Structure formats: structure tokens, C-alpha cells
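In my numbering, the protein residues as written are -15 to 77.
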């Protein structure tokens, strides 16, 4: 039997309700999202396009942000997604 969810996390999550920006890999335009909580390894987001996005995308603070993180969707529930960070923040060329 797997350990309870709270015990499987490798780093604590902090509540951070603020805006974010999702850019789907392979697409030029992005969409707004809301970051509900974040840890060193991932985050929980709310976004209207959650059911339509693929599994990989970039997360940034704004559409024109100079830095972003590549992410993968771990779970989905309606418009809420749990994501894992695949990279550190990188500069956008």
C-alpha cells in the first residue's frame, strides 16, 4: 500500500495564490492560469483550458516573462491540474 499523499511529497507545498501563464509546447500563444500552491518540485494550477492542454507546457509569471519552467501534468480534475517541474527557470531566447 502506498504511503498517504502528504508523506510522498519530497518538498513542502506553500499556498501561493497568484497569476501565471501557460504556454503549450509547440504553440506560440499561451493562456492565463492561477497558481494555488507551489513546492520545489511542482505546483497546483487552475486554468480554463486544463482539459484541452497536452501533458507538457511551460509556466511563467506573465506572457512576456523572460524566464519560464517546463512542466508535465501529473493529474487533472476538471479545471485543476497538478504539475511537476521538469526544469529550473530558463531564459527565453
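Ideal Cβ positions, reconstructed from N, Cα and C, are used throughout, including at glycine. Everything numeric in this text was worked out from a predicted model, so none of it was measured.
Beta strand (DSSP E) segments (min. 3 residues) lying fully within the segment -3 to 64:
Here the runs fully enclosed are -2 to 8, 14 to 22, 26 to 30, 40 to 44 and 51 to 61.
Which word fits residue 65, buried or exposed, when buried means at least 16 other C-beta atoms lie within 10 angstroms of its C-beta?
Buried, because 16 or more other Cβ atoms sit within 10 Å of the Cβ of residue 65.
If the criterion is Cβ atoms closer than 8 Å, does the pair residue 37 and residue 6 meet it?
In this structure, residue 37 lies near residue 6, with their beta-carbon atoms less than 8 Å apart.
Taking the alpha-carbon positions, what's the residue -5 to residue 4 distance?
Near 21 Å, if we compare the C-alpha coordinates of residue 4 and residue -5.
Excluding sequence positions up to five away, which residues of its chain have a Cβ less than 8 Å from the Cβ of residue 53?
Excluding the 5 residues flanking it on each side, residue 53 has same chain C-beta neighbours closer than 8 Å at 42, 43, 44, 69, 70, 71, 72, 73 and 74, in chain order.
Residue 40 and residue 19 - do their beta-carbons sit closer together than 8 Å?
No. Outside cutoff.
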